[in-house]
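Everything on this sheet refers to the single structure shown next.
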Amino acid sequence: KMGYFDSRDELLDRLDSHYSTAQSKYYSSITSQGNAYTHYVGGEFWDCIYDILLSLMYTNDAIGYLAFQSSGCLREADIIHYLDKFAGGEITYKEICEAWGKDDFEGRVATIAFIDRMRQLLWDEPYQVLWAKKPEEQEF
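Each residue of the sequence shown is one higher than the one before, counting from 64 in our numbering.
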């Protein structure tokens with residue numbers, strides 16, 4: 064068990080949810096700013112002030128969701144710790160090979176090209192991606 068979150072997927076879903084909510088709050092803030100300007104131009108002082116305050120409230124809410132303080136659960140402020148500890152890790156050659164085998168070698172060209180480019184940069188060797196191409200079937 065991961066602690067506050069039961070799984071890596073739950074953690075990433077919560078992170079995505081907070082970013083989506085923050086974005087919605089940001090858009091509401093922009094809308095309120097536009098309304099404030101319309102009221103200002105129309106000489107509607109109190110409506111303008113109301114929309115400015117509403118915009119500030121939405122901006123504050125967006126920042127709260129980005130900082131994980133608006134959900135009623137202060138433990139979510141530790142989300143960076145959870146991401147660092149549980150959402151990643153080192154990738155081994157075995158995991159790459161298993162993933163390729165599982166999906167009929169999907170993504171092998173990009174992975175091999177990336178590895179070949181790193182090899183070229185590290186050891187100043189020629190960069191060649193053609194060998195990553197799926198071999199043609201030949202009859203013997």
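In this text, a Cβ means the ideal position worked out from N, Cα and C, and glycines have one as well.
Rounded C-alpha distance that separates Asp72 from Gly164: Stepping through the sequence shown from its first residue, residue 72 is reached at position 9. Stepping through the sequence shown from its first residue, residue 164 is reached at position 101. The alpha-carbon atoms of Asp72 and Gly164 are separated by roughly 23 Å.
Local conformation of Glu73 per DSSP, three classes: As a position in the sequence shown, residue 73 is number 10, starting the count at 1. Looking at Glu73 - three-state DSSP - the assignment turns out to be helix.
request  = Take Leu137 and list the residues in its own chain whose beta-carbon comes closer than 7 Å to its own, dropping the five residues that flank it on each side.
outcome  = On the sequence shown, residue 137 is found 74 positions in, with the first residue counted as 1. With a pLDDT of only 47 at Leu137, under 50, the local geometry of the prediction cannot be trusted, and no value is derived from it.
Judging by CA-CA distance, which residue of Tyr89, Asp110, Ser87 is the nearest neighbour of Asn98? Taking the first residue of the sequence shown as 1, we reach residue 98 at position 35. Nearest option by C-alpha distance: Asp110.
Buried or exposed: Asp76, going by 16 or more other Cβ atoms within 10 Å of its Cβ?
Within the sequence shown, residue 76 is the residue found at index 13, counting from 1. When all chains shown are included, Asp76 counts as exposed.
Whether or not the segment 109–124 and the segment 78–95 are in contact is what I'm after, with contact meaning three or more pairs of Cβ atoms, one per stretch, closer than 8 Å; do they touch?
Enough Cβ pairs lie closer than 8 Å, so yes.
In whole angstroms, give me the CA-to-CA distance for Trp186 and Thr155.
Here residue 186 refers to the residue found at position 123 of the sequence shown. Here residue 155 refers to the residue found at position 92 of the sequence shown. Distance between the alpha carbons of Trp186 and Thr155: 21 Å.
Test item: CB-CB of Ala85 and Leu129 under 8 Å: For the purposes of this step, residue 85 is identified with residue 22 of the sequence shown, where counting begins at 1. For the purposes of this step, residue 129 is identified with residue 66 of the sequence shown, where counting begins at 1. A contact, by the Cβ cut-off of 8 Å.
Original post:
Taking the alpha helix (DSSP H) that Gly164 falls in, what are its first and last residues?
Top reply: The count along the sequence shown starts at 1 and reaches residue 164 at position 101. Start and end: 156–165.
> If you run the structure through DSSP and keep just helix, strand and coil, what is Ala130?
Replying inline: Numbered from 1 along the sequence shown, position 67 holds the residue referred to as residue 130. Coil at Ala130, not helix or strand.
Can you tell me whether DSSP reads Asp124 as helix, strand or coil? Indexing the sequence shown from 1 puts residue 124 at position 61. In the structure shown, Asp124 sits in a helix (DSSP, three-state: H, G or I).
Query raised in the report: Looking at the structure shown, is Gly106 part of a helix, part of a strand, or coil, going by DSSP?
Result: Position 43 of the sequence shown, counting from 1, holds the residue named residue 106. If DSSP states are grouped into helix, strand and coil, Gly106 belongs with coil.
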